[in-house]
Every structure is written in C-alpha cells, then in structure tokens.
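Number of protein chains: 2
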Amino acid sequence: MSLSYPDDLKLLVNEALRAYFPHSDEPLNTVSEAMAYSLFSPGKRFRPVLTLLAAEALGADPKIALPVACAIEFIHTYSLIHDDLPAIDNDDLRRGRATCHVKFGEDVAILAGDALFAEAFVLVLTEQSKCTDPGPLLEALKELAVATGINGMVGGQVADIMATGLSVDRVTLEYIHNHKTGSLITAAARCGAILGGGSFAQIEAISEYAGHLGLTFQIIDDILDVVGSTDGVGKHVGRDADNRKTTFPGQLGVNRAQEEAQATAARAIEALSGARFRTDRLVDMANFVLRRTS
Amino acid sequence: MSLSYPDDLKLLVNEALRAYFPHSDEPLNTVSEAMAYSLFSPGKRFRPVLTLLAAEALGADPKIALPVACAIEFIHTYSLIHDDLPAIDNDDLRRGRATCHVKFGEDVAILAGDALFAEAFVLVLTEQSKCTDPGPLLEALKELAVATGINGMVGGQVADIMATGLSVDRVTLEYIHNHKTGSLITAAARCGAILGGGSFAQIEAISEYAGHLGLTFQIIDDILDVVGSTDGVGKHVGRDADNRKTTFPGQLGVNRAQEEAQATAARAIEALSGARFRTDRLVDMANFVLRRTS
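Heads up: the sequence lines are chains S and A, in that order.
FYI, the numbering for the first sequence is 1 to 294, going by this note's numbering.
FYI, the numbering for the second sequence is 295 to 588, going by this note's numbering.
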C-alpha cells in the first residue's frame, strides 16, 4: 500500500470487521463460512476507510463511525459476490482468490450475499445505535438503503447489463458509473460526515468530493482492467472487453480515460477548497486513487 | 378467499403497495419492471396483513403500520425471486405465472430481488418515519434486519439446502421451518405490535402466537405440495419430493403432518388466551391458515 494510503484506518477497519462478524446459530455454519471467505479476502477497504476519513475530517474520533463503516464493507462484499455470479459477470477470480460461488456453489453464494446485506443493517442497528443518536442513525441508515436500491447500486448494475455490447452515450456511461460504484462510495463518505457531526454544508462538500472520487476510482478500475496484470489486480484483467462492458477506456481509449481520471480527481480536490475542516487526508486519498496500480 | 380472511386489510395492502412502489431513474426501467412483475402477482399478502392485524389487535389504526407491512411484502417477494432461481429451487411457476428469472433472465432476477430488499428499507426510512417515533421505528427496522439475516430467513434457507436429500432430526426440521419462513412471519407480527404501541407483554404474546402460526403455515404449505393441484396452489406441486426437500409430510406422512398443523394452530390460539387485547381476528387467521387450500 502506498505511503499516502491511511493504513492506520484500514487496520481499524480490519480489526472491527473481525469483531463485528455476526455469530450464526445455523447448524452447519455454511453461510457464515462463505460470508467470511469473501469478507476477509485481502482488500483495500476503500469504502469503510473513506467513512472514517470523513468523520475524522470533521474533527470526530473516526472510531465513532466504525460500525457503519464495516456495514458498508459488508454491502460492498455482497455486491461483489452477486456481480461475480455466472448469470452476471461470471468471474472466477477476485482479490486473488476463487470467487465465492466457485468455492461454495452458486446457491450458497447467492444466499451469502443476501445475508451480508441483511447483516449490514443488523450491525448498524445493534452497534452503531450504541454510540449515535436516533436522528443521525436514521439518516445514515437511509443513506445506505437508498445507495443500494434501484436509484443506487442496483440501478447502475442493471443499466450496465442492459448496455453491454451496445454503444452508449456519455450520459448513460456516467449514469452506470455514478450508480454502480459511485452511490455506495458517496454514501460511505456521507455516513462518515453525518456521524462525525457535520453541518449541512460540510456534508454536501464531502458528498461532492466523494462523487468525483468515486468516478475517478471507477475510471482507474477500468483502465487497470486494460493495462494491469492479473497478479497485480487480483482478478482476471481484460474481462470488460471480453464481456463487452461499457467503460471509459472502451469509449475513449486509455490515454483520454487517464486524462478524464485526472480531471475528475482534480474536481474532487476542488470540492474541498473552501472547506472549514481538515482536508489533508482526503486530498491524499484522491491522489492515491488516481495513482493506484492495483 | 375464505370469509374468515381479513380481505379489508388485504385491500389496504394492495393499494399501499401500488402507492409505495419506488420510482426508478434507471434509463430502461428494466429492474422496476421485474420488481413490479413479481410484487404485483396475485397473492394472499399474508405477512403484511398479519402486521396490520397485530396493530389493530392492540387498538391502533392498522394504517399506521402500512409502510412496514408493505416493506415486509417487498422482502417476502425478494426471497421468493431468489428461492426460485435455477441455482436454488429452480422453479418456473409461482403464483400462477412464470417466475421472475424465466420472464426477465437470471441476471435481472437476482438484481430485482436485491433491489426489493434495499427498497424495503428505503420505504420504512422514508414513509414509516413520517408517522412513527424514532424509538419504535428503529425497533421495527431491527426486527426486519435480524429476521432476514443469518439467524433468520437466510440461515433457514441455507440449512434447508444443506439438509436436502438427508434424513434430518426433528430439531433440524424445526430449525429450517422456524427460520426459513417463521422468522419473517414473526417479525411481521412483532412490527405490527411495536408500531401499534404494544407493551412488552403484548408484543411477546403476539410474537408467540406468530411463531406457532408461521409453523402451521409452513406445514400446510408442505402438505399442499403433496396433496394440492398446480391450478389451486399456483405453483408446481410435488416439487419438494422432486427436490428431496426436508418437510413435515415427508418425515411424518400427510396425516400426522396434518395433526401437527392442528396442534400448532391450537398453540397459536392458546398464546392469546390471557391477552388483554382484541384477539378475534388473530384467532380467525389461525383457523384460516390451518384450513387454507391454496
């Protein structure tokens, strides 16, 4: 991990994910095993780290947002498990390991995803509720629900599927990216800002930053799928082209997509320019996302 | 529908489901179409009606629980869509119509289920929050989340899959039934009781009633799969035997399973015996569930 990545917060997240992993009373623990397999695969923990960074930027102890941050990683993991299914992206490698359905079967993988989604809400309602007032708690829950529904992640995934193999316009391309991955990334930052006690203006500034950051993240992801190596990225590269996916490098070529990513990262940083809170680690994160190679 | 079924509440639910169906900004509306197709299939609306019955039993206007009731029908529909998938039960007929994946493809069906789950929480957080204080609202949300997670619906579904084709003991059989279908039915009743302003003792009495009611419902469901007709039941019968599913009639034979259902319905009614609230329509519901033929 690069020097500019907040590894201290990533460590907090990894410890908390272990502590918050739900206990199952299911006789064979099959679904728990599948959930743990995917959740504890090595990863950057980008979304939960962003939640903690947003809380910290507003002067709060980042630990106060740990349950929501971990819930967001549960949700992200659920979305990866479902995305990788044979009926959707049909991927057999993720984070350097066999995907959940390859290891546990399609039936258990579908249900492990479903369970991670439900347990994300259980986690917020049992653990976050201990340290947050009902008002911000309900706001954070609504962020999570809206970001994962038809006007969020799932809307983007379905549009992505429907656009596969078609030539789409820039508006549709941005719709797909802003929803499929952008919604949850923005919600991650917003939840941190809400739980960190941010004012309306502060939450909006962090939200705008996160919107641009999410798009940068996705453009770079698509570029790495073209120019990266399977070893470096931890999943098969070249899948987007194989699957005839709608991507920025596919539409613009790698060089112009790289320029788009630079412009988008600059907009993320610009969104923080008038902010009356600590922005250094948010700026570092934007630079990290732009320069990442895995 | 039988005379003893609360058709007035079913009508309320059907009207509210239309009103609360979420608006999508997804360019092609594909996922909305798939969600609507499954949600507006003809059904008894048993779980949301139970929510309203519980609120009404405690003296509240049942309408105050309509958003949560509809959210529970969203969740039930999501669970049916995922259960019917080729990788799980591989059913092509449900509520008298082609199942979601047959009509829209497996990819869209998986995501339509995911979206219904997310939108259930959106619905509670946007509509129920308008008429319920944060305390009971958070309690109801927790009921929904826990009931759908690894110690609820998904735990039961996975145990059911793992038990398929095996000879399991009575404890495992009850675990499967109480979790796979029982958890959401109990949560439906508990949410109604919570939003209806029930005391702890009242909520517990309704909870015990609903636990027995849910088991009765499932035993009868399994019996109908053996003795019912596809026309009457609206789905292929004989599927449990074909799929080597663990069921009460499979373990005990139809006659002893029928006796079990009678005993379980009696326990549901008995749970209400000392109750200081209106119980007549809850008792009617237990009798309806026991005698239903579709």
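Built from N, CA and C at the ideal position, the CB exists for glycine as well.
- Taking a beta-carbon distance threshold of 8 Å, A:Val416 counts as an interface residue toward chain S.
- When rounded, the separation of the alpha-carbon atoms in S:Cys70 and S:Val13 is 7 Å.
- Within the DSSP bridge table, the entry for S:Leu93 names S:Ala98 as partners.
- Taking 8 Å as the cut-off, the Cβ atoms of S:Glu73 and S:Leu111 do not count as close.
- Below the 7 Å Cβ cutoff, chain S contributes no neighbours of A:His471, its closest Cβ being approximately 13 Å away.
- One finds nothing in chain S with a Cβ atom closer than 7 Å to the Cβ of A:Val307; even the nearest lies about 21 Å away.
- In its chain, beyond the 5 residues on either side, Thr466, Ile470, Thr540 have a beta carbon closer than 7 Å to the beta carbon of A:Ala457.
- Membership of S:Ala241 in the alpha helix (DSSP H) is indicated by the continuous run 239–242.
- Taking 8 Å as the cut-off, the beta carbon of S:Asp25 is found closer than this to the beta carbon of A:Gly449.
- In this structure, S:Gly198 is the residue among S:Gly198, S:Val108, S:Arg244, S:Lys180 with its C-alpha nearest to the C-alpha of S:Ala140.
- Legend: CB atoms of the segment 376–387 of chain A lying less than 7 Å from CB atoms of chain S belong to residues His376, Leu379, Ala381, Ile382.
- Residues of chain S with a Cβ closer than 8 Å to the Cβ of A:Phe542 do not exist, since the nearest Cβ in that chain sits about 18 Å away.
- A Cβ-Cβ separation of about 6 Å places S:Leu52 in contact with S:Ala65 under the 8 Å criterion.
- Here A:Thr587 is not near A:Ala555, since their CB atoms are 8 Å or more apart.
- Comparing alpha carbon positions, the residue from S:Ile194, S:Asn151, S:Glu204 closest to S:Lys180 is S:Asn151.
- Nearest CB-CB separation between S:Met285 and chain A: not below the 8 Å threshold.
- Judged by their CB atoms, A:Gln496 and A:Phe571 are nearer to each other than the 8 Å cut-off.
- Contact annotation for A:Pro316 against chain S: Gly149, Ile150, Asn151 [CB-CB distance below 9 Å, chain order].
- With the criterion set as a beta carbon lying under 8 Å from some beta carbon of chain S, the members of the segment 452–465 of chain A are Val452, Ala453, Ile455, Met456, in sequence order.
- Per DSSP, reduced to three states, the secondary structure at A:His473 is helical.
- Sequence-distant Cβ neighbours of A:Leu303 in its own chain, meaning closer than 7 Å and more than five residues away, are Val343, Leu346, Leu347, Pro356.
- S:Tyr78 is the residue among S:Tyr78, S:Cys100, S:Ile269 whose C-alpha sits nearest the C-alpha of A:Ala412.
- Taking C-alpha positions only, S:Gly228 is separated from S:Ala265 by approximately 20 Å.
- Counting along the chain, the unbroken alpha helix (DSSP H) around A:His376 starts and ends at 360–378.
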